[in-house]
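*Asks:* Mind looking over this structure? Questions follow.
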Amino acid sequence: MFIKGFFSNSVGIMTSRILGLIRDLLTASILGAGIFSDLFFIAFKIPNLFRRIFGEGAFTQAFLPNFTNSKKKAIFQAEIFIKFLLFIGVLTLLVNLFTPYFIKIIASGLSEQNITDAVPLVRINFYYLALVYIVTFMGALLQYKGHFATTAFSTALLNLAMIASLLLARGKSESVVALYLSFGVVSGGILQVLIHLIAMKFNALSKIFWGGLSGYFKGKRAQSKGFFINFYHGLLGSSAMQISAFMDTWLASFLVSGSISYLFYANRIFQLPLAIFAIALSQALFPKITRLLKQKDEANALVWTKKSFYLLLCALLAATITGVVLSEFIIWLLFERGNFVRANTIECAKVLSAYLVGLTPFGLAKIFSLWLYANMKQKEAAKISIICLVINLILAVILMQKFGAAGLAFASSLGGFLQLILYIRAFGAKRFLAIIEPKFIAAIALLAVLLYFGLTFLKDIFNANF
Numbered sequence: 005m006f007i008k009g010f011f012s013n014s015v016g017i018m019t020s021r022i023l024g025l026i027r028d029l030l031t032a033s034i035l036g037a038g039i040f041s042d043l044f045f046i047a048f049k050i051p052n053l054f055r056r057i058f059g060e061g062a063f064t065q066a067f068l069p070n071f072t073n074s075k076k077k078a079i080f081q082a083e084i085f086i087k088f089l090l091f092i093g094v095l096t097l098l099v100n101l102f103t104p105y106f107i108k109i110i111a112s113g114l115s116e117q118n119i120t121d122a123v124p125l126v127r128i129n130f131y132y133l134a135l136v137y138i139v140t141f142m143g144a145l146l147q148y149k150g151h152f153a154t155t156a157f158s159t160a161l162l163n164l165a166m167i168a169s170l171l172l173a174r175g176k177s178e179s180v181v182a183l184y185l186s187f188g189v190v191s192g193g194i195l196q197v198l199i200h201l202i203a204m205k206f207n208a209l210s211k212i213f214w215g216g217l218s219g220y221f222k223g224k225r226a227q228s229k230g231f232f233i234n235f236y237h238g239l240l241g242s243s244a245m246q247i248s249a250f251m252d253t254w255l256a257s258f259l260v261s262g263s264i265s266y267l268f269y270a271n272r273i274f275q276l277p278l279a280i281f282a283i284a285l286s287q288a289l290f291p292k293i294t295r296l297l298k299q300k301d302e303a304n305a306l307v308w309t310k311k312s313f314y315l316l317l318c319a320l321l322a323a324t325i326t327g328v329v330l331s332e333f334i335i336w337l338l339f340e341r342g343n344f345v346r347a348n349t350i351e352c353a354k355v356l357s358a359y360l361v362g363l364t365p366f367g368l369a370k371i372f373s374l375w376l377y378a379n380m381k382q383k384e385a386a387k388i389s390i391i392c393l394v395i396n397l398i399l400a401v402i403l404m405q406k407f408g409a410a411g412l413a414f415a416s417s418l419g420g421f422l423q424l425i426l427y428i429r430a431f432g433a434k435r436f437l438a439i440i441e442p443k444f445i446a447a448i449a450l451l452a453v454l455l456y457f458g459l460t461f462l463k464d465i466f467n468a469n470f
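The numbering of the sequence shown is the numbering used here, which starts it at 5 and goes up by one.
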């Protein structure tokens with residue numbers, strides 16, 4: 005199941021991310037890196053932030069162990085589903101009623117005119133939050149059944165809907181393009197819900213889902229207190245990078261126009277190897293580690309952790325070196341066309357390099373964090389994230405003064421190193437040393453050096469001839 009889950013996640017995420025890059029390419033060409041692209045990314049940031057927190061962290065890591073142990077699974081899942089949906093419904097209503105004030109909180113550096121322009125974009129995009137929650141909830145149920153493919157591939161539908169909206173909006177004003185994109189987000193969310201409903205039916209989960217809802221409305225209840233305690237702790241423990249990215253957007257609103265867009269485009273590329281390798285592997289590994297530790301089989305759990313560690317170290321280190329050496333070429337190839345000009349490429353490449361410095365530590369931290377979540381130690385993970393967020397924010401404020409958007413990205417990377425160190429400490433020095441093989445580390449280091457010089461050589465040849 006682990007290999008199948010990892011493969012399904014990797015292929016699905018890769019497909020979604022490739023479509024996401026095509027979407028970003030079109031966005032850069034049509035919207036460029038100006039004020040309306042900034043406003044759309046601000047509006048899209050909130051539901052996207054919740055998608056990553058729910059889908060890649062806190063919700064699933066708290067839901068699966070509690071759902072597995074629950075004696076009233078149908079009622080338990082219904083209770084969780086309804087309570088979260090009610091909360092999101094109230095939050096959406098409040099955001100729609102007080103949109104300008106909400107925008108001032110998430111992007112304090114915008115002018116009054118910019119806030120006015122952003123209001124309809126934020127209102128439309130926020131409806132995606134409820135849709136993405138439903139998708140994440142159903143995805144967790146499917147994961148319980150060992151079915152990963154639907155959730156992994158579903159983000160592709162969101163990207164396809166946004167690509168379609170961009171093609172329909174081509175030739176229109178930037179403000180209209182931003183509106184089309186926003187409606188594309190909601191349309192994509194509806195498609196994601198529909199495909200998950202179909203997958204639920206084929207995996208014999210519809211009866212549990214709908215039957216549980218029926219039972220809940222008839223007054224039946226299950227014990228869900230443990231889930232919410234774990235979720236609240238896990239909310240911080242598994243979403244440090246997403247919260248950090250949100251803070252980057254807020255701080256970038258005080259910088260020159262285009263800074264938010266540079267962060268968005270660069271972060272999208274940064275997320276590609278992180279998702280394909282680290283997130284896909286950790287999602288497939290988590291149920292296995294949880295079962296092994298529950299069976300008191302720590303030795304086997306350590307073996308799987310060791311395999312995952314070296315796989316991620318090789319993959320992420322190679323991606324980091326490739327991305328840093330070829331950062332300007334990558335941005336040029338993907339985005340430099342239409343309203344995205346040469347000056348935008350140079351600035352965006354700096355941000356990409358700064359983000360990629362933290363790729364390997366962020367990815368490896370996910371492996372070691374699984375031990376905390378599998379042992380129901382979400383509170384300890386939350387403490388680690390709070391420390392990292394505070395340090396990251398301090399560094400971001402300092403570095404942005406001199407380096408602008410690149411300083412914000414580099415602060416995030418430094419926070420990633422701190423997060424890795426703290427998770428290894430929580431994992432245990434004895435366990436960590438047990439998975440370290442000096443000969444493997446030396447071989448990986450040698451290959452990394454060879455890759456760096458090889459790519460630098462090829463880059464120099466390319467620059468000399470083109």
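Quick reminder that beta carbons are idealized off the backbone N, C-alpha and C, glycines included.
Mind checking if valine 99 is an interface residue toward chain C, Cβ cutoff 9 Å exclusive?
*Replies:* Among the protein chains of the structure shown there is no chain C, as only one such chain exists.
*Asks:* What first and last residue would you give for the alpha helix (DSSP H) that runs through leucine 195?
*Replies:* Taken as a continuous stretch (DSSP letters only), the alpha helix (DSSP H) holding leucine 195 covers 178–206.
*Asks:* Can you give, in chain order, each stretch of the alpha helix (DSSP H) that sits fully within the region 99–182 and has at least 4 residues?
*Replies:* The qualifying runs are 103–110, 116–148 and 153–173.
*Asks:* Under the three-state reduction of DSSP, which class applies to serine 248: helix, strand or coil?
*Replies:* Helix.
*Asks:* Taking 8 Å as the cut-off, does the region 408–419 touch the region 371–379 (at least 3 CB pairs, one atom from each stretch)?
*Replies:* Too few Cβ pairs lie closer than 8 Å, so no.
*Asks:* Does the beta-carbon of tryptophan 214 have 16 or more other beta-carbons within 10 angstroms, so that it is buried, or is it exposed?
*Replies:* Exposed is the call here.
*Asks:* How big is the Cα-Cα spacing for phenylalanine 102 and phenylalanine 45?
*Replies:* Roughly 19 Å separates the two Cα atoms.
*Asks:* Between which two residues does the alpha helix (DSSP H) harbouring glutamine 65 extend?
*Replies:* Note, glutamine 65: alpha helix (DSSP H), 62–73.
*Asks:* Ignore the nearest five residues each way along the sequence and tell me which others in glutamine 405's own chain have a CB closer than 6 Å to its CB.
*Replies:* Closer than 6 Å at the Cβ level, and outside the excluded window around glutamine 405, lies no residue.
*Asks:* Whether or not the region 274–292 and the region 349–364 are in contact is what I'm after, with contact meaning three or more pairs of Cβ atoms, one per stretch, closer than 8 Å; do they touch?
*Replies:* Cβ pair count under 8 Å is three or more, so yes.
*Asks:* Any chance you could list the alpha helix (DSSP H) runs of at least 4 consecutive residues sitting entirely within the region 223–298, in chain order?
*Replies:* Here the runs fully enclosed are 229–241, 244–256, 263–277 and 284–298.
*Asks:* Please determine, among Ile402, Phe88 and Ile388, the residue with the shortest C-alpha to C-alpha distance to isoleucine 425.
*Replies:* When only C-alpha atoms are compared, the closest one is Ile388.
*Asks:* What's the C-alpha gap between aspartate 121 and aspartate 42?
*Replies:* One C-alpha to the other measures close to 11 Å.
*Asks:* Distance check for alanine 270 and glycine 24, CA to CA, integer angstroms please.
*Replies:* So the alpha carbons of these two residues sit roughly 13 Å apart.
*Asks:* So, using beta-carbon positions, are valine 189 and asparagine 129 closer together than 9 Å?
*Replies:* Cβ distance < 9 Å, so valine 189 and asparagine 129 count as in contact.
*Asks:* To which residues of the same chain is phenylalanine 431 closer than 7 Å at the C-beta, ignoring the five residues directly before and after it?
*Replies:* Phe372 and Trp375, listed in sequence order.
*Asks:* Just to confirm, is the Cβ distance from alanine 4 to isoleucine 17 under 9 Å?
*Replies:* Lying outside 5 to 470, the shown extent of the chain, residue 4 is not represented and no answer is given.
*Asks:* Could you tell me the distance, in whole angstroms, from the CA atom of isoleucine 334 to the CA atom of glycine 327?
*Replies:* Looking at the two C-alpha atoms, the distance is approximately 8 Å.
*Asks:* What separation, rounded to the nearest whole angstrom, lies between the Cα atoms of lysine 222 and methionine 204?
*Replies:* In a straight line, the C-alpha of lysine 222 is about 23 Å away from that of methionine 204.
*Asks:* Please identify the residue among Ile79, Ala322 and Asn467 whose C-alpha is closest to the C-alpha of valine 453.
*Replies:* Valine 453 has its Cα closest to that of Ala322, out of Ile79, Ala322 and Asn467.
*Asks:* What's the call for aspartate 464, buried or exposed, on a 16-neighbour Cβ count within 10 Å?
*Replies:* Counting Cβ neighbours within 10 Å, aspartate 464 comes out exposed, since fewer than 16 surround it.
*Asks:* Rounded C-beta distance between threonine 159 and phenylalanine 63? I'm assuming under 8 Å.
*Replies:* Not really, about 16 Å apart at Cβ, beyond 8 Å.
*Asks:* Examine the Cβ distances between the region 163–170 and the region 178–193 and report whether three or more of them are shorter than 8 Å.
*Replies:* They touch, by the three-pair rule.
*Asks:* Between the beta-carbon of isoleucine 212 and the beta-carbon of leucine 145, is there less than 9 Å?
*Replies:* Against a cut-off of 9 Å, the Cβ pair of leucine 145 and isoleucine 212 comes out as a contact.
*Asks:* In three-state DSSP terms, what is methionine 380?
*Replies:* In this structure, methionine 380 counts as coil in the three-state DSSP scheme.
*Asks:* Count the other CB atoms, across all protein chains shown, that sit within 10 Å of the CB of arginine 21; report buried if there are 16 or more and exposed otherwise.
*Replies:* With 16 or more other Cβ atoms within 10 Å, it is buried.
*Asks:* One question on the structure: do valine 99 and valine 136 come within less than 9 Å of each other, judged by their Cβ atoms?
*Replies:* In this structure, valine 136 does not lie closer than 9 Å to valine 99 by Cβ.
*Asks:* Going by other Cβ atoms of all chains shown within 10 Å of its Cβ, with 16 needed for buried, is glutamine 81 buried or exposed?
*Replies:* Answer is buried; the Cβ neighbour count reaches 16.
*Asks:* How should serine 186 be labelled, buried or exposed, when 16 other C-beta atoms within 10 angstroms of its C-beta is the threshold for buried?
*Replies:* That one is buried.
*Asks:* With a cut-off of 8 Å on the beta carbons, I'd call leucine 114 and serine 257 a contact; round off their distance for me.
*Replies:* 6 Å between Cβ atoms; contact.
*Asks:* How big is the Cα-Cα spacing for glycine 262 and glycine 38?
*Replies:* Glycine 262 and glycine 38: Cα-Cα distance of roughly 5 Å.
*Asks:* By how many angstroms is the C-alpha of cysteine 392 removed from the C-alpha of isoleucine 402?
*Replies:* The straight-line gap from Cα to Cα measures roughly 15 Å.
*Asks:* If I follow the unbroken alpha helix (DSSP H) through lysine 4, where does it start and stop?
*Replies:* The question about residue 4 has no answer, for the chain in this structure spans 5 to 470.
*Asks:* Could you give the DSSP three-state label for aspartate 42: helix, strand or coil?
*Replies:* Residue state, collapsed to three classes: helix.
*Asks:* Within the continuous alpha helix (DSSP H) that includes asparagine 304, where are the two ends?
*Replies:* Here the alpha helix (DSSP H) through asparagine 304 covers 302–329.
*Asks:* Just to confirm the assignment, what range does the alpha helix (DSSP H) spanning glycine 216 have?
*Replies:* From DSSP, the alpha helix (DSSP H) with glycine 216 extends over 210–221.
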